[in-house]
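Asker: Chains as they are written, first to last, in the numbering used here: chain A, 675 to 834; chain B, 6 to 751.
For glycine and all other residues, C-beta sits at the position ideal for the given N, C-alpha and C.
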Amino acid sequence: MTNTTSWALPALCLALLAACADGLEPVPFQGVSGSVAFSGALPDSTEWVRVGAYRDLPETDLDLLGFAGISEPLALARDSAGYVVGLESGVFEWIPVVWKQEGVALPNGLRVLGWYTDGGGAIDPAELVLVTADEENGGINLIADFENALTIEEALEILR
Amino acid sequence: MRRASALLIGILGVTVLPSPSDAQEAGVVAGRVIDARTQEPVATAAVRVVGTVLVTFADDLGAFELRSVPAGTRSLLVERFGYAPRELEVVVSAGGRTEIEVELEPRPVAVGEVVTTVTKRRLSTLETPVSVSVLEEQQIRERIADTAADAVAYTPSVQFVGDQLNIRGSSGYSRGAGSRVLMLVDGVPANAGDSGSINWDVLPLTEIRQIEILKGAGSALYGTSALGGVINVITEPPPADPIFKLRLRAGFYDDPPFSEWIWSSQTRGYGAVDLSYGRRLGSVGFWARGGRTLDDGYVENTDLERTNVALQATVGEDAGRLGIFGSWAREEYGAPILWCMRGDCEDPNLLAFQPARVPVSARDDRTRSDKARLHLTYTRSWSDRVDTFVRGHYQRNDWDTSFGDGNIGAVSDVFGGELRFDWRVANWFQLSLGGEGSHTRVEAENFFGTPEGGVDSLSVHDISNLALYAQGEFGFTRWLMLTAGVRQDVGLLDGGSLTDPWVDQTSPRVGLVISPVSITRIRASVGRGFRAPTADELFTATQVGGFFVVPNENLRPEQSLAGEVGVQQLVTPWLSLDLAGFFYEFEDLIEADTVLSPRGIEVQFQNLDSASVRGVEGIVRLSLFRDRLQGFVAYTYLDHEDKTTGQPLAYRPNHLVTTSGTVYLGSLELGADYRYASAFDRVKVFTDPRTDRLVPLNVLDLRLAYRFGRQVLRFIADNVGNHSYTTIERNLEPIRRYSLALELVF
Numbered sequence: 675m676t677n678t679t680s681w682a683l684p685a686l687c688l689a690l691l692a693a694c695a696d697g698l699e700p701v702p703f704q705g706v707s708g709s710v711a712f713s714g715a716l717p718d719s720t721e722w723v724r725v726g727a728y729r730d731l732p733e734t735d736l737d738l739l740g741f742a743g744i745s746e747p748l749a750l751a752r753d754s755a756g757y758v759v760g761l762e763s764g765v766f767e768w769i770p771v772v773w774k775q776e777g778v779a780l781p782n783g784l785r786v787l788g789w790y791t792d793g794g795g796a797i798d799p800a801e802l803v804l805v806t807a808d809e810e811n812g813g814i815n816l817i818a819d820f821e822n823a824l825t826i827e828e829a830l831e832i833l834r
Numbered sequence: 006m007r008r009a010s011a012l013l014i015g016i017l018g019v020t021v022l023p024s025p026s027d028a029q030e031a032g033v034v035a036g037r038v039i040d041a042r043t044q045e046p047v048a049t050a051a052v053r054v055v056g057t058v059l060v061t062f063a064d065d066l067g068a069f070e071l072r073s074v075p076a077g078t079r080s081l082l083v084e085r086f087g088y089a090p091r092e093l094e095v096v097v098s099a100g101g102r103t104e105i106e107v108e109l110e111p112r113p114v115a116v117g118e119v120v121t122t123v124t125k126r127r128l129s130t131l132e133t134p135v136s137v138s139v140l141e142e143q144q145i146r147e148r149i150a151d152t153a154a155d156a157v158a159y160t161p162s163v164q165f166v167g168d169q170l171n172i173r174g175s176s177g178y179s180r181g182a183g184s185r186v187l188m189l190v191d192g193v194p195a196n197a198g199d200s201g202s203i204n205w206d207v208l209p210l211t212e213i214r215q216i217e218i219l220k221g222a223g224s225a226l227y228g229t230s231a232l233g234g235v236i237n238v239i240t241e242p243p244p245a246d247p248i249f250k251l252r253l254r255a256g257f258y259d260d261p262p263f264s265e266w267i268w269s270s271q272t273r274g275y276g277a278v279d280l281s282y283g284r285r286l287g288s289v290g291f292w293a294r295g296g297r298t299l300d301d302g303y304v305e306n307t308d309l310e311r312t313n314v315a316l317q318a319t320v321g322e323d324a325g326r327l328g329i330f331g332s333w334a335r336e337e338y339g340a341p342i343l344w345c346m347r348g349d350c351e352d353p354n355l356l357a358f359q360p361a362r363v364p365v366s367a368r369d370d371r372t373r374s375d376k377a378r379l380h381l382t383y384t385r386s387w388s389d390r391v392d393t394f395v396r397g398h399y400q401r402n403d404w405d406t407s408f409g410d411g412n413i414g415a416v417s418d419v420f421g422g423e424l425r426f427d428w429r430v431a432n433w434f435q436l437s438l439g440g441e442g443s444h445t446r447v448e449a450e451n452f453f454g455t456p457e458g459g460v461d462s463l464s465v466h467d468i469s470n471l472a473l474y475a476q477g478e479f480g481f482t483r484w485l486m487l488t489a490g491v492r493q494d495v496g497l498l499d500g501g502s503l504t505d506p507w508v509d510q511t512s513p514r515v516g517l518v519i520s521p522v523s524i525t526r527i528r529a530s531v532g533r534g535f536r537a538p539t540a541d542e543l544f545t546a547t548q549v550g551g552f553f554v555v556p557n558e559n560l561r562p563e564q565s566l567a568g569e570v571g572v573q574q575l576v577t578p579w580l581s582l583d584l585a586g587f588f589y590e591f592e593d594l595i596e597a598d599t600v601l602s603p604r605g606i607e608v609q610f611q612n613l614d615s616a617s618v619r620g621v622e623g624i625v626r627l628s629l630f631r632d633r634l635q636g637f638v639a640y641t642y643l644d645h646e647d648k649t650t651g652q653p654l655a656y657r658p659n660h661l662v663t664t665s666g667t668v669y670l671g672s673l674e675l676g677a678d679y680r681y682a683s684a685f686d687r688v689k690v691f692t693d694p695r696t697d698r699l700v701p702l703n704v705l706d707l708r709l710a711y712r713f714g715r716q717v718l719r720f721i722a723d724n725v726g727n728h729s730y731t732t733i734e735r736n737l738e739p740i741r742r743y744s745l746a747l748e749l750v751f
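#1: Could you check whether residue 656 (chain B) and residue 166 (chain B) sit closer than 8 Å to each other, using their CB atoms as the reference points?
#2: Can you name the residues of chain B whose CB is closer than 7 Å to the CB of residue 757 (chain A)?
#3: Leaving out the 5 sequence neighbours to the left and right, which residues in its chain are closer than 6 Å to residue 726 (chain B) when beta-carbon positions are compared?
#4: In the DSSP assignment, find the unbroken alpha helix (DSSP H) run with residue 138 (chain B) in it and report its ends.
#5: Tell me, to the nearest whole angstrom, how far the beta carbon of residue 773 (chain A) is from that of residue 750 (chain A); I am working on the premise that it is less than 8 Å.
#6: Indicate the three-state DSSP secondary structure (helix, strand or coil) for residue 365 (chain B) in the structure shown.
#7: Measuring straight from C-alpha to C-alpha, what distance separates residue 748 (chain B) and residue 216 (chain B)?
#8: Any C-beta of chain A sitting closer than 8 Å to the C-beta of residue 673 (chain B)?
#9: Provide the residue span of the alpha helix (DSSP H) that contains residue 829 (chain A), from first to last.
#10: Please list the partners that residue 306 (chain B) has in chain A, where partner means a Cβ-to-Cβ separation under 9 Å.
#11: My output table needs one value for residue 544 (chain B): the three-state DSSP class, helix, strand or coil.
#12: Could you tell me which of B:519, B:345, B:524, B:546 sits nearest to residue 784 (chain B), measuring between CA atoms?
#13: Leaving out the 5 sequence neighbours to the left and right, which residues in its chain are closer than 6 Å to residue 667 (chain B) when beta-carbon positions are compared?
#14: In this structure, what does DSSP give as the bridge partners for residue 381 (chain B)?
#15: Taking 8 Å as the threshold (beta carbon to beta carbon), is residue 732 (chain B) in contact with chain A?
#16: Taking the runs of the beta strand (DSSP E) that are 3 residues or longer, which of them lie wholly in the segment 215–282 of chain B?
#17: Name the chain A residues that come within less than 7 Å of residue 485 (chain B), Cβ to Cβ?
#18: Under the three-state reduction of DSSP, which class applies to residue 821 (chain A): helix, strand or coil?
#19: For residue 396 (chain B), which option in B:703, B:439, B:123 has the closest C-alpha, if you only look at C-alpha atoms?
#20: So, residue 356 (chain B) versus residue 701 (chain A), is the Cβ gap smaller than 8 Å?
#21: So for residue 144 (chain B), helix, strand or coil by DSSP?
#22: If you draw a straight line from the C-alpha of residue 742 (chain B) to the C-alpha of residue 681 (chain B), how long is it?
#23: Please state if the CB of residue 761 (chain A) and the CB of residue 805 (chain A) are separated by a distance shorter than 8 Å.
#24: Suppose you measure from the CA of residue 334 (chain B) to the CA of residue 137 (chain B); what does that come to, to the nearest Å?
#25: Among the candidates B:264, B:230, B:281, B:256, whose CA atom is the shortest distance from the CA of residue 247 (chain B)?
#26: Nearest CA to the CA of residue 297 (chain B): which residue from B:278, B:717, B:44?
#27: At a CB distance below 9 Å, what residues from the segment 695–717 of chain A approach chain B? Give them in sequence order.
#28: On the criterion of 16 or more Cβ atoms from any shown chain inside 10 Å, does residue 499 (chain B) qualify as buried, or is it exposed?
#29: What span of residues does the alpha helix (DSSP H) with residue 706 (chain A) cover, start to end?
#30: How long is the line joining the alpha carbons of residue 401 (chain B) and residue 445 (chain B), rounded to whole angstroms?
#31: Let's see if you can read the secondary structure: which residues bound the alpha helix (DSSP H) around residue 155 (chain B)?
#32: Which two residues bound the contiguous beta strand (DSSP E) that contains residue 577 (chain B)?
#33: Any beta-carbon of chain B closer than 8 Å to the one on residue 776 (chain A)?
#34: Run through chain A and tell me which residues come within less than 8 Å of residue 263 (chain B), C-beta to C-beta.
#35: Helix, strand or coil, according to DSSP, for residue 806 (chain A) in the structure here?
#36: Pick from B:550, B:329, B:70, B:107: whose alpha carbon is nearest that of residue 41 (chain B)?
Here it is, written out as structure tokens:
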């Protein structure tokens, strides 16, 4: 018995130590969050509405698909909805609300409903957003105006 | 088809050759095998006439009888799991009967379990040209297992990825759609008809005699689904005397390892009861079994209710025996697909993910699953040279899942049958010839696609399969056993014709076992395998939990060339080694391809042109301190590659370690099991290194058992380190759990 325990116990302790190592750990959220206030009537042809984040302003329709991060589809049943977008740290030039028309292929079916602005309106000049490591930049609130859905060209014209 | 026919005819041709052995006069060798220490009978010991295919197995009283043994001085090799093999000489007189008693010395590190999976006939694992692991009833019970899967997870070179079984890296993960491992219950197929997944809950855990795990392609005998291996669950035959067994299990889950992850103030527990009653009335024996499990689950909305019943009966004796097995199981459980990410549920800690919670939208997602099966087998010995085996089976899987956006579900019915002849043509040649057929009908609700690209509210598909196979075992010399077999499969999808079948696969396999001395076995095998895509892989078109599954009706069957070389060596009475090198070369491997798009996560099953898995496996078995400490250490190295892209295959580790040890102190048993799997190199869906870090599996379990008479009280702590890990993205694997079990036998 003595021999057995002298051999088995150290082995067990080693295994126990190994079994605690290198597991998943809590990770703070890093990115932006806020709410989207809806304005105007929700079109019947809505497939989804999401918030995206772009490091630079897009130049074409296709660039709309080159987001750095995008939210899950927003809940559209109420006047406003919360959102989060997980992002790497850095500066983001444009945080828009994007609407997708049902049955129309990407990127043609995409429209911009508003973006994060310094003035608080749906399409005022865009405000830069900074994301730092291990932190959530909250309060990035936006307005989505269904009555004024813009193509990417129209949005870029306003932004420039 | 022509190649297979030629091979079949070739093998048949050999059988009509005159056999020199048959011309000799023959006699009978009979006797008993007993334990040298206790003098108790040793059941299922294999007794082989060296240099021939003549073999028999001792019954429960240790008795055996070998007929048609060529007259003269013959060597007998007697082997049994846990005993040192013994070779002895006997003198056989023409027309006479030689009685012997064989004493076997216990050697806990020795292998040599009797298995039926490799050749469909009883065979010692020392005589198999492929690697086979065997879990005996004791090992299943000591795990306090919920299903057979909980015990199989502790087999060398085996890993579960989610609920999907991966043997030697052959499988990745595809959410149950398409298993590369075929499950058998007493040799009868038991995979689901629609997904091809393994029905682990199809039978209660009581009265499982052993689980055989064949590693490597088994298609030469079993056809589709056996591409990566075969699991054969062997049930315990009905007892001679009436017996009633009661098994009670209960336990609770600990909190997650970090306070920020605690999601419930209530203790999460589980409880289960299994009952069985067996007896024999004349030539009829039966088991009646039932079980019920209630489990709160360790993650939000993963509670489970399971009920299963089974009835097993045998009619007749060894010369002609009918076996009947019927079972039904129902499970109802929460079915969230992913854990909660920031924003999906309320989280005051503002964490990137909450692994024990699920999104608010998935809190009410539920699945109901009913599984029923009935199989009949009939074995008949026409003489000491010719046996026949006939089986028929029916299996139904019926499930539906309700989630936020609606309901999906499917019903699959599988009818199958097999006829096989085992013929000892000569003392050096055993032949098995068989045919097998099955028909599967799948009716899916809101789950399969339409040709126009939509989702069909009710869709029906039929898959049929016909196969012929032949296998020969050759015992030319005392040190060489050779096996060669081939199987031809023809599959039809939604009708079709035999002249232009959907599946047309020939699967040959050859293997050899070299025994230079009785404590050394060298094995080698190479063979082709295949798997036809399942209905779920072909037709699924659904949207669940942010995943959009796109059907691919152009999927082709996947194929493999697989082989291994291995050696088993009993080094000392307390140490044995098993080393193997193996490979799979895949063509058209079916893997789930995923694309992250603004629409969500699009999933489609696609054929990879070329992929490979190569590896080595080493198992060391030890028995120390006068057999008071017994255990094994197993290591597997896997090198895997998608040859088109040069990337590692997804959801496969590079290193696997499995160890198990038990200390026996009179009535007390103390045990520990440890599993390690290195982090995957690659997964398919979520790859953000910050929120989806890949971590190794690193789990230690501790066991304690106390025996009092025939009763046993067990305690087990699973995952005592409370290691947090995933095998599929955003799904937390089981956290620390404490369990008690009481096994009563009356």
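Answerer: Inspection of the coordinates gives the following:
#1: yes
#2: 348
#3: Closer than 6 Å at the Cβ level, and outside the excluded window around residue 726 (chain B), lie 705.
#4: Residue 138 (chain B) -> not in any alpha helix (DSSP H); beta strand (DSSP E) instead, spanning 137–141.
#5: Wrong, their Cβ atoms sit about 10 Å apart, outside the cutoff.
#6: helix
#7: 20 Å
#8: no
#9: Element bounds for residue 829 (chain A): 826–833.
#10: Those within 9 Å of residue 306 (chain B) in chain A number zero; the least Cβ separation is about 18 Å.
#11: Here residue 544 (chain B) sits in helix by DSSP.
#12: The first residue shown for chain B is 6 and the last is 751, placing residue 784 (chain B) beyond what the model contains.
#13: 635, 674, 676
#14: B:329, B:397
#15: no
#16: 234–240, 248–258
#17: Ordered by position in chain A, no residue passes the 7 Å Cβ test against residue 485 (chain B), which lies about 40 Å from the chain.
#18: Looking at residue 821 (chain A) - three-state DSSP - the assignment turns out to be helix.
#19: B:439
#20: In this structure, residue 356 (chain B) sits near residue 701 (chain A), with a CB-CB distance shorter than 8 Å.
#21: helix
#22: Within the model, the alpha-carbon separation for residue 742 (chain B) versus residue 681 (chain B) is close to 18 Å.
#23: Taking 8 Å as the Cβ cut-off, residue 805 (chain A) and residue 761 (chain A) qualify as a contacting pair.
#24: 29 Å
#25: Nearest of B:264, B:230, B:281, B:256 to residue 247 (chain B), Cα basis: B:281.
#26: B:278
#27: 695, 696, 697, 698, 699, 700, 701, 702, 703, 704, 705, 707
#28: exposed
#29: No alpha helix (DSSP H) contains residue 706 (chain A), which is instead part of the beta strand (DSSP E) from 705–713.
#30: Roughly 10 Å separates the two Cα atoms.
#31: First-last of the alpha helix (DSSP H) with residue 155 (chain B): 153–157.
#32: 563–577
#33: no
#34: 699, 700
#35: Under the three-state reduction of DSSP output, residue 806 (chain A) falls in the coil class, being neither helix nor strand.
#36: B:107
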